Amino acid sequence: MAQVKPHTDYMLRRLHTLSGVIPVGLFLLEHLFTNATATKGAASFNNAVGAIQSIPLLPFIEFFFIFLPLVYHGVFGLYVAFTSGYNAGQYSWGRNVMFTLQRITGIITFVFIIYHTWTTRFSGHAPTFDMMHHLVQNPAYLWFMIIGVVAATFHFANGMWSFCIHWGITVGQRAQRVTAYVSMLLFVVLAGIGVDAILAFTHSA
Amino acid sequence: MTQQTATAKKTVHLIIERQDGPNSPAYTQEFVVDYVPGMNVIACLMAIQRNPVDKDGNPVAPVAWEMNCLEEICGACMMVINGKPRQACSAIVDQLEQPIRLKPARTFPVVRDLVVDRSRMFDALKKVKAWIPIDGTYDLGPGPRMPEKDRQWAYELSRCFTCGACVEACPNVNERTSFIGPFAISQARLFNEHPTGKMHREERLEALMGEGGIHECGNAQNCVQVCPKGIPLTTSIAAMNRQVNAYAIGSWLKK
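So the sequences go chain by chain: A and B. The first sequence begins at 285 in the numbering used here and counts up one residue at a time. The second sequence begins at 95 in the numbering used here and counts up one residue at a time.
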């Protein structure tokens with residue numbers, strides 16, 4: 285008879301790819317959308333932040349649907365990046381380069397999110413347009429934000445491509461090729477929205 | 095006249111990474127052999143074997159390598175040629191940049207020179223039960239027929255000859271993981287598709303969920319680039335992801 289084998293690795297890996305899309309990926313989209321309101325002016329952004337603050341059970345939602353999945357995806361992701369081999373120098377095919385970039389952008393995003401939440405969510409200050417305006421006055425912080433947003437959106441968009449394979453959605457070569465183009469289009473659009481919002485904060489209210 | 099041809103004689107320059115035994119240090123040696131029209135890398139290695147001297151004429155131990163069919167259907171002569179894992183028999187000198195650099199496929203334990211021990215591939219095939227059990231104490235009769243449209247694509251998968259090029263090129267096959275490699279996933283798909291093999295599909299899916307299974311794939315997709323038989327390995331991996339996930343969720347709900 286087939287004996288019961290432990291499937292822990294399998295479960296942890298699949299949970300990692302799933303958490304990257306639901307809920308972490310969805311939160312990223314929501315976050316970029318909220319940030320984009322900054323392009324409509326300080327009042328618009330502050331209203332959007334106010335609307336989020338008024339969500340009932342917010343600390344509960346934040347902890348279980350954002351914080352925990354994000355920490356899991358990030359910490360397990362570091363382990364994945366560590367166990368992966370890197371041979372894009374020897375085999376410079378497009379997908380292998382993307383494989384390497386996915387891990388590099390993951391690590392950049394990990395560092396970025398720690399610093400980003402430290403200076404905003406856990407700073408003890410209310411998240412307002414003025415606070416962000418003050419932060420991005422520092423050119424180093426501004427560039428750090430831009431690099432972080434580009435890395436995070438790349439990681440998400442390219443991760444969606446990989447997710448579709450890990451979950452057996454895109455099976456054929458053509459389907460994988462088409463979703464690769466779609467994911468890169470998604471990256472350009474999301475990175476554009478994200479950087480646009482950051483630049484909006486540089487204008488004084 | 096003869097002297098003139100001798101000086102104008104075309105040669106092939108090879109740089110070979112060698113190793114005397116499994117635990118010996120690696121070193122490189124350079125060789126120059128006479129060019130023969132249409133020759134392949136195996137022909138170069140045979141020339142070295144006939145006259146084992148290095149580029150400067152010093153006698154050396156002949157280079158060891160493996161070969162068998164010489165027509166790219168056995169997989170035995172897989173080695174890293176100019177940076178890419180491929181079969182030495184189908185590596186034609188005219189199509190290679192010189193000097194030709196030969197290295198053993200180091201993802202496997204090196205036995206000697208270009209000879210590697212690919213046991214791990216056969217262990218992986220055993221793990222995923224890449225066969226169709228038909229033995230019994232009495233004649234079970236003919237099995238169910240396979241639809242022709244499935245047979246056609248399954249035939250492509252059956253062309254795998256366990257050469258190990260995909261295992262060599264895969265970044266996720268390394269000392270930090272126990273990944274079984276792309277070929278084994280494709281073989282599990284082949285035998286899961288066969289009408290008789292299908293009767294044991296759960297055992298293969300269980301194996302793919304086990305240690306070093308399908309979840310170790312990171313979609314770098316080098317495997318499909320280096321496969322000498324053009325097997326759609328990445329399609330096989332995605333198809334098996336679908337089977338394994340559906341099985342995992344389905345069996346959990348049935349518990």
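Using N, Cα and C, we set each Cβ at its ideal position, and we do this for glycine too. Source: prediction; values computed, not measured.
8 Å Cβ shell around residue i - same chain, five flanking residues per side excluded
i         : result
THR256(B) : GLY169, ARG212, MET215, PHE216, LEU219, PHE277
ALA314(B) : CYS264, PRO265, ASN266
GLY279(B) : Reading off the sequence, residue 279(B) comes out as Ile, not Gly. Answer for ILE279(B): VAL222, LEU302, ILE308, CYS311, LEU327, SER330, ILE331, MET334, listed in chain order.
CYS138(B) : VAL106, LEU108, PHE125, VAL127, VAL187, ILE194
Boundaries of the beta strand (DSSP E) in which residue i is found, first to last residue
i         : result
MET172(B) : 172-175
ARG195(B) : 194-197
GLN181(B) : 178-181
ILE110(B) : 105-113
VAL205(B) : 204-206
Cut-off 6 Å between Cβ atoms - residues of its own chain near residue i, not counting five sequence neighbours on either side
i         : result
THR329(B) : none
LEU164(B) : CYS183
VAL434(A) : ALA475
ALA120(B) : GLU111, GLN113
VAL261(B) : THR201, VAL267, GLY275
THR290(B) : ILE226, GLY237
LEU448(A) : Looking at the sequence provided, one finds Cys at residue 448(A) rather than Leu. Cβ within range, chain order: THR454, THR463.
GLY361(A) : GLY390
ALA332(A) : THR318, THR321
ALA141(B) : VAL127
Test: residue i CB closer than 7 Å to a CB of chain A
i         : result
THR329(B) : yes
MET215(B) : no
ALA314(B) : yes
HIS294(B) : no
MET173(B) : no
MET95(B)  : Reliability of the predicted coordinates at MET95(B) is poor, the pLDDT of 46 falling under 50, and the value obtained from them is presented with this limitation in mind. So, not an interface residue.
THR271(B) : yes
GLN123(B) : no
GLN281(B) : no
GLN181(B) : no
ARG206(B) : no
GLN246(B) : no
The alpha helix (DSSP H) enclosing residue i, as first and last residue numbers
i         : result
TYR341(B) : 327-348
PHE277(B) : 276-287
THR256(B) : It is not in any alpha helix (DSSP H) - THR256(B) carries neither H nor E in the DSSP assignment.
GLY443(A) : 423-450
GLY309(A) : 308-320
ARG298(B) : 295-303
ARG387(A) : 378-403
GLY304(A) : 292-305
LEU483(A) : 457-486
SER272(B) : Unbroken run through SER272(B): none, as it is neither H nor E.
GLN337(A) : 326-337
ASP414(A) : 413-419
GLY358(A) : 352-367
Short CB-CB distance (under 7 Å) between residue i and chain B
i         : result
TYR356(A) : no
HIS300(A) : no
VAL473(A) : no
THR486(A) : no
MET285(A) : The pLDDT assigned to MET285(A) is 42, lower than 50, so where the model puts this residue is not dependable, and the model offers no usable value.
HIS450(A) : yes
ASN442(A) : no
PHE394(A) : no
SER446(A) : yes
VAL308(A) : no
VAL455(A) : yes
GLY369(A) : yes
PHE349(A) : no
Bridge-paired residues (DSSP) for residue i
i         : result
THR122(B) : GLU111(B)
VAL147(B) : PRO153(B)
ASN134(B) : ILE186(B)
VAL209(B) : ARG206(B)
VAL127(B) : VAL106(B)
Any non-hydrogen atom of the ligand MN within 6 Å of residue i CB
i         : result
VAL210(B) : Among the components modelled here there is no ligand, and therefore nothing to report on the ligand MN.
Cβ-based neighbour list, residue i, same chain, cut-off 7 Å, excluding 5 preceding and 5 following
i         : result
GLY443(A) : GLY304, GLN386
VAL204(B) : GLN113, PRO116, PRO198, VAL210
ILE167(B) : PHE255
GLU160(B) : ALA170, CYS171, VAL209
ASN286(B) : LYS292, ARG295, ARG298, GLN337
TRP445(A) : THR463, ALA464, SER467
MET243(A) : With chain A running from 285 to 489 in the structure shown, residue 243(A) is simply not present.
PHE329(A) : THR321, ALA322, PHE413
The segment 358-371 of chain A contacting the segment 383-401 of chain A, beta-carbon criterion three pairs below 8 Å:
yes
Within 8 Å, do at least three Cβ pairs link the segment 297-314 of chain B to the segment 258-268 of chain B?
yes
Can you find at least 3 beta carbon pairs, one from the segment 296-306 of chain B and one from the segment 233-252 of chain B, that sit closer than 8 Å?
no
With a threshold of 8 Å, are at least 3 pairs of Cβ atoms found where one atom belongs to the segment 231-239 of chain B and the other to the segment 171-183 of chain B?
no
Three or more C-beta pairs closer than 8 Å, one from the segment 458-466 of chain A and one from the segment 404-419 of chain A: is that the case here?
no
With contact counted as at least three CB pairs below 8 Å, one residue from each stretch, are the segment 350-359 of chain A and the segment 297-315 of chain A in contact?
yes
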